[in-house]
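Visitor: Protein chains in written order, with numbering that gives the first Met the number 0: chain A, 0 to 155; chain B, 0 to 155. Ideal placement from N, C-alpha and C gives every residue a C-beta, glycine not left out. This structure is in structure tokens; I'll ask about it shortly.
There are 2 protein chains.
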Amino acid sequence: MKISEAAAASGCHLETIRYYERIGLLSKAARRDNGYRDYTHAEVERLRFITRGRDLGFSLEEIQSLLALAEQTDMSCADVDRLAREHLADIQGRIQALQRMAQELARTIEGCAGGARARCAILSDLQAPADRAAPNATPAPKGGRRPAVHRPGIDA
Amino acid sequence: MKISEAAAASGCHLETIRYYERIGLLSKAARRDNGYRDYTHAEVERLRFITRGRDLGFSLEEIQSLLALAEQTDMSCADVDRLAREHLADIQGRIQALQRMAQELARTIEGCAGGARARCAILSDLQAPADRAAPNATPAPKGGRRPAVHRPGIDA
DNA sequence: CCTAAAGTCCGTAGTGGCTCCGGAGTCAAG
DNA sequence: CTTGACTCCGGAGCCACTACGGACTTTAGG
């Protein structure tokens with residue numbers, strides 16, 4: 000099948016397929032006489048695996064590991080399990096970080112509830128966060144600033 | 000104060016400060032005779048504002064809006080409030096997306112609980128997700144594939 | 001058979017928010 | 001005077017794509 004068909008069958012964007020090939024996540028596709036890529040059912044399966052992994056939030060690197068583990072049929076389950084559990088823990092950590100963020104932001108917004116007052120509570124909170132329930136008033140954050148999680152376009 | 004001092008005072012990485020200047024989030028700093036940047040207290044305040052906004056998950060673009068709003072002292076509170084609420088909704092959406100992910104992943108891991116069996120449940124689930132409680136079996140995802148949230152290094 | 005539209009090829013650049021690098025200049029302490 | 005710490009600057013790298021442009025091929029309609 001042609002690339003657009005493989006894209007439709009796998010739910011993976013056409014250009015993304017080429018990207019995966021470029022970075023070596025997919026091996027180079029066979030070519031027809033005209034130079035067009037030609038995909039087999041097995042390759043579409045692999046693509047599905049990848050997109051599914053992405054949907055579960057695995058990085059491409061993790062997916063590559065999973066694919067490698069999937070290919071050795073013997074005794075790989077424990078490794079897969081470990082990887083999945085680590086990844087789950089990572090996701091849960093991110094959820095907690097976002098929840099803290101949301102809580103703090105909600106508190107800040109609440110302070111502003113009145114509306115048009117002289118000094119905006121949100122802005123002054125951004126300038127100097129009020130210390131209501133502030134357990135982490137660390138003056139020197141030893142881990143350095145965190146990446147501060149912002150995804151450009153998660154439609155979710 | 001010099002850039003390293005401004006960095007320490009604001010909790011913002013030194014190179015990040017230069018980066019913010021480069022992209023115009025900070026105006027160009029004054030220079031000493033030797034060419035070193037020289038920061039005032041007000042600029043450190045602005046930096047704090049930015050880092051605080053990042054901690055709350057605002058994008059740099061949003062922060063720029065907030066800063067602009069903060070500078071017009073009159074009647075800006077409603078806009079700020081709206082921005083903050085939109086951002087909160089966005090964060091909550093991301094939390095939900097991650098929670099769905101975590102749930103599905105947890106289910107998948109559970110299926111593997113036994114350990115070393117012939118076919119790994121996690122891997123087969125990645126290949127063809129079991130349809131236990133699958134409300135979104137859309138064959139044609141109209142929104143295109145979603146970005147599949149993965150932050151490289153959120154230490155959380 | 002001819003034309004126009006759609007599909008495919010390729011390499012490159014752009015996204016966000018930094019972070020790190022190398023080479024050069026500056027400054028303070030010993 | 002040397003050593004080390006600090007600062008300067010521009011550019012590259014990170015992740016996972018997405019978009020673009022120009023050349024080519026295929027397909028459908030007339």
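What are the start and end residues of the alpha helix (DSSP H) that includes Tyr-18 of chain B?
Guide: Where Tyr-18 of chain B is concerned, the enclosing alpha helix (DSSP H) stretches over 13 to 21.
Visitor: Along the alpha helix (DSSP H) that carries Cys-76 of chain B, what are the first and last residues, could you check?
Guide: From DSSP, the alpha helix (DSSP H) with Cys-76 of chain B extends over 76 to 110.
Visitor: Kindly say whether Gly-110 of chain B, judged by its beta-carbon, lies nearer than 8 Å to any beta-carbon of chain A.
Guide: Taking Cβ atoms only, chain A never reaches closer than 8 Å to Gly-110 of chain B, which makes this a no.
Visitor: In three-state terms, what does DSSP make of Arg-51 of chain B?
Guide: Three-state DSSP puts Arg-51 of chain B in a helix.
Visitor: For Ala-133 of chain A and Glu-103 of chain A, what's the separation of their Cα atoms in angstroms?
Guide: A caution first: Ala-133 of chain A carries a pLDDT of 40, below 50, which makes its placement in the model unreliable, though a value can still be read off. Their backbone Cα atoms lie some 10 Å apart in a straight line.
Visitor: CA-CA distance, Cys-111 of chain B and Leu-68 of chain A?
Guide: Each residue's alpha carbon lies about 15 Å from the other.
Visitor: Take Ala-160 of chain B as the anchor and find which of A:Cys-119, A:Leu-87 and A:Arg-45 has the nearest alpha-carbon.
Guide: The requested residue 160 of chain B is not part of the displayed model; chain B covers only 0 to 155.
Visitor: Beta-carbon within less than 6 Å of Thr-107 of chain A's beta-carbon, same chain only, minus the 5 sequence neighbours each way: which residues are those?
Guide: If we look at Thr-107 of chain A and ignore the five residues flanking it on each side, its Cβ neighbours are Ile-121 and Asp-124.
Visitor: Quick check on the DSSP output: the alpha helix (DSSP H) that includes Ala-6 of chain B runs from which residue to which?
Guide: Segment 2 to 9, the alpha helix (DSSP H) holding Ala-6 of chain B.
Visitor: What's the gap between the Cα of Glu-42 of chain A and the Cα of Ile-62 of chain A?
Guide: Cα to Cα, the separation comes out at about 15 Å.
Visitor: Considering only the alpha carbon of each residue, which of A:Gln-91, A:Arg-99, A:Leu-25 and A:Met-100 lies closest to Ala-105 of chain B?
Guide: If we check each option's Cα against that of Ala-105 of chain B, A:Gln-91 comes out closest.
Visitor: Look at Ile-16 of chain A and Ala-5 of chain A and say whether their C-beta atoms are less than 8 Å apart.
Guide: Yes, they are a contact pair.
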